[in-house]
Amino acid sequence: MSTNKKLVSSLNPLIETRDVAAIKGKTGNLYESIVVASKRANQINISVKEELHRKLDDFANHTDTLEEVHENKEQIEISRFYERMANPALQSLSEFMNDKIYYRKKDQE
68 MSTNKKLVSS LNPLIETRDV AAIKGKTGNL YESIVVASKR ANQINISVKE
118 ELHRKLDDFA NHTDTLEEVH ENKEQIEISR FYERMANPAL QSLSEFMNDK
168 IYYRKKDQE
C-alpha cells in the first residue's frame, strides 16, 4: 500500500467541524483557501475515478448475455475500499492544512 493510500485510509471519512481561522490563516483569505482545496479535490476525484475504472475494467465482461452475470469477491472488495475512502474534499482539506499542497497566485508568476 502506498503512502498516499495509507494517508487516505487514515482519514476519518465523516465530516468534522474545522477551524475557519486556521483555514484562513494559510493564505490570508478564506475564499482563496477554499479555492485551493477545491481545485485539489477535483484533481483527487479525477485520479481516484480513473484508478477505480482501470481496476474494475479487469473484471469487465463484454458479453451481452444476462445469464453470465456473477459476483466476483475481489471486485466487491475493491469497490468497498473506494466506498470507505474519505471524500476528495476531506482529503484535499487535510493536505492543505498539513502544507502538502503547493499553490501560488497567478500574479506571482
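In my numbering, the protein residues as written are 68 to 176.
Glycine included, every Cβ here is placed at the ideal spot set by N, Cα and C.
Note that the structure is predicted; figures quoted are calculated from it, not measured.
Identify the continuous alpha helix (DSSP H) that holds residue i and give its terminal residues.
i, result
"residue 126", "Note, residue 126: premise wrong, no alpha helix (DSSP H); not H, not E."
"residue 95", "Note, residue 95: premise wrong, no alpha helix (DSSP H); not H, not E."
Should residue i and residue j be called a contact, given that it needs their Cβ atoms to be closer than 8 Å?
i, j, result
"residue 78", "residue 153", "yes"
"residue 54", "residue 160", "The structure shown does not extend to residue 54, since the chain is modelled only from 68 to 176, so the question has no answer here."
"residue 116", "residue 145", "no"
"residue 148", "residue 139", "no"
"residue 162", "residue 107", "yes"
"residue 80", "residue 151", "yes"
Give the DSSP-derived three-state secondary structure of residue i in the structure shown.
i, result
"residue 194", "Nothing can be reported for residue 194, as the shown portion of the chain is limited to 68 through 176."
"residue 169", "coil"
"residue 82", "coil"
"residue 69", "Unreliable placement is indicated for residue 69, whose pLDDT of 47 sits below 50; no coordinate value is reported for it."
"residue 139", "coil"
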